[in-house]
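This is the structure in structure tokens:
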């Protein structure tokens, strides 16, 4: 420990960054929210070991650094708030992020005030901070719980949309608390604060949008110039009116997200990467500031407050939001239980606490501790118990059978359509809008973006999906997708295809290799696009078994995958281990004039239900 005391600040900062990124990776591997590991790392490094002392390390720069970090986090969060998405995800989601959030905030604030933990002003601020969930914590829990599609969509979009709305509500309350009783009563001062925050945020958003639309900057500078806009808007707003900067960057993000003909995807991806770094460092540093003795202050008041949030505030919020809806009571119960608090609550509460401590507001010193306690308890308790509870209530999905296909090219599209014909859930993901648009027009579920991005982690709905086909022309992307989703689906359920320039390699970078030896994506694409090959299905019977099917198969035929009677998909990979039997359906590619016993729906109704009848075998040429 004596040696550690002589370690320089550069090493400590580097160590914090390394530990933060390691915690992010470990959380991804464990499928658990990163914030829990980050807070634990901060507490261990700070009050427990005494290695990290943020106030000594950063001095007067601590508050400005935290402020700028929170500003970037809020801007990135507000970029996800699109009003069209609020309208497009049902009445329950809309009520949860409005009525539900308000009920949760007021009841939590009332409980904190009644238990004499805060003054009523700080209690109201605390209620606003801990009343909302977030995508960074809800998504890992959903992937572990695997609730049905309806419930999963509600929870997912509640987390995405309520995060920035909760931040805005907390900002408004904070501004009033920070002004104090006299300042809050000065309507001119309050009006000036909100006018400057919203006005400057709107002006910055408009100026940046004009610059982006007119391409006055090179592509490689778009992201860093956007970052400069955010930091300048925050700082200038604070100079004009104290504490208005966070409001400015939030308004800026919301406006950019809702502008027409403005692509913010690239900016959002950059901000997501930056946010990962900032949150990794920020939460370790903030957790390290929590005094060791405060970890033991969890008396009866704190315990009762936590129980109230878990068993009263959230259920009341869900009850108020689902009144008159058709949502089953079992789903309402699970919805009431799954509400982990996340990044916005932690980041904003820590900044607000620093600000309020400077202003001498009573109770500010306990704001961070109690907020962190709520985060840890909700993430840990609900993360551990949500899956058994959902299974007990009968709303958890069975084993996932669906397929995530990376790539929107003709091969990927043909395979996706063939799987859909057999009633297999399919998602096609690609970065080409034209290919995604084509897939959508044919009725396929799609994801527009990179499947290995943070945006995919938050927004890609994998309920019912348990397998990956990496079929893009980009070998590195295919390999990364196999590595990423190998932990999600299991290494046995991720499949890669040979690409022409990598086909001769001795080993495949990642994933099991699809289809027979020497078959590449380019060859399959040539067969489908130029040589009139198509994907067919045939059903095995006692008389027509797999051995007989292989004997009838033409030399040019290529086996793709098999589907068992219970709906499980088994690709024909180079290391195939399964044995297809009676009742199995086999998908293969061949010329249109060649055919084995084919399955085709007799009617549109049968096609929709994937009831496929057997055809009389056609004689093969020769």
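Residue numbers (this note's numbering): 3 to 624. Glycine included, every Cβ here is placed at the ideal spot set by N, Cα and C. Please read these numbers as outputs of a predicted model, since none were measured by experiment.
Grouping DSSP H, G and I as helix and E and B as strand, with all else coil, what is residue i?
i           : result
residue 404 : strand
residue 501 : coil
residue 264 : coil
residue 193 : helix
residue 163 : helix
residue 158 : helix
residue 415 : helix
residue 468 : strand
residue 14  : helix
residue 570 : coil
residue 341 : coil
residue 387 : helix
residue 496 : strand
residue 119 : coil
residue 603 : Note that residue 603 scores a pLDDT of 43, beneath 50, so its modelled location is shaky; the value from the coordinates is reported in the next line. Coil, per DSSP.
residue 142 : helix
Over the uninterrupted beta strand (DSSP E) stretch that includes residue i, give me the two end residues.
i           : result
residue 217 : No beta strand (DSSP E) contains residue 217, which DSSP labels as neither H nor E.
residue 588 : 587–593
residue 75  : No beta strand (DSSP E) holds residue 75; the alpha helix (DSSP H) holding it covers 64–80.
residue 105 : Careful: residue 105 lies outside any beta strand (DSSP E), inside the alpha helix (DSSP H) at 103–116.
residue 429 : 428–432
residue 536 : 535–541
residue 321 : Element bounds for residue 321: not the beta strand (DSSP E) but the alpha helix (DSSP H), 316–324.
residue 450 : 447–450
residue 565 : 560–565
What residue does the alpha helix (DSSP H) around residue i start on, and which one ends it?
i           : result
residue 628 : This structure cannot settle anything about residue 628, because the visible part of the chain is limited to 3 through 624.
residue 527 : 523–532
residue 57  : 56–60
residue 49  : Run containing residue 49: none; DSSP gives neither H nor E here.
residue 233 : 224–242
residue 305 : 302–310
residue 579 : It is not in any alpha helix (DSSP H) - residue 579 carries neither H nor E in the DSSP assignment.
residue 512 : No alpha helix (DSSP H) contains residue 512, which DSSP labels as neither H nor E.
residue 252 : 247–259
residue 99  : From DSSP, residue 99 is part of no alpha helix (DSSP H); its letter is neither H nor E.
residue 53  : Unbroken run through residue 53: none, as it is neither H nor E.
residue 439 : 435–443
residue 124 : 122–131
residue 550 : 548–554
Here's the rule: buried if 16 or more other CB atoms are within 10 angstroms of the residue's CB, otherwise exposed. What is residue i?
i           : result
residue 57  : exposed
residue 339 : buried
residue 506 : Low per-residue confidence applies at residue 506: pLDDT is 47, beneath 50, and the placement is therefore not dependable, though the value from the model is reported in the following sentence. So residue 506 counts as exposed.
residue 62  : exposed
residue 234 : exposed
residue 532 : exposed
residue 342 : buried
residue 18  : buried
residue 357 : buried
residue 216 : exposed
residue 16  : exposed
residue 222 : exposed
residue 93  : exposed
residue 49  : buried
residue 513 : buried
residue 367 : exposed
Take residue i and list the residues in its own chain whose beta-carbon comes closer than 7 angstroms to its own, dropping the five residues that flank it on each side.
i           : result
residue 12  : none
residue 563 : 571, 572, 573, 574 and 589
residue 2   : Here the chain comprises residues numbered 3 to 624, so residue 2 is not present and cannot be evaluated.
Which residues in the same chain as residue i place their Cβ atom closer than 6 angstroms to its Cβ, once the five residues preceding and following it in sequence are excluded?
i           : result
residue 35  : 139, 142 and 381
residue 363 : none
residue 448 : 430, 438, 441 and 442
residue 200 : 253
At a Cβ threshold of 8 angstroms, is residue i touching chain B?
i           : result
residue 407 : The displayed structure is made up of one protein chain only, and chain B is not part of it.
Closer than 8 angstroms by C-beta to residue i: which residues in its own chain qualify, once you throw out the five before and the five after it? Chain order, please.
i           : result
residue 219 : 213 and 227
residue 389 : 146, 147, 148 and 398
residue 279 : 19, 22 and 23
Using a Cβ-based criterion (distance less than 7 angstroms to any ligand heavy atom), does residue i qualify as near the ligand NAD?
i           : result
residue 572 : The ligand content of the structure shown is nil, which means the ligand NAD is not present either.
The segment 560–569 touching the segment 582–590, judged by at least three CB pairs closer than 8 angstroms
yes
Below 8 angstroms, can you find three or more Cβ-Cβ pairs linking the segment 240–249 to the segment 304–324?
no
For the pair the segment 284–293 and the segment 333–352, tell me if three or more CB-CB distances fall below 8 angstroms.
yes
Between the segment 404–411 and the segment 421–440, are three or more C-beta pairs nearer than 8 angstroms?
yes
Does the structure place the segment 161–177 close enough to the segment 95–106 that three or more beta carbon pairs sit under 8 angstroms?
yes
Any 3 or more C-beta pairs closer than 8 angstroms across the segment 255–263 and the segment 318–330
no
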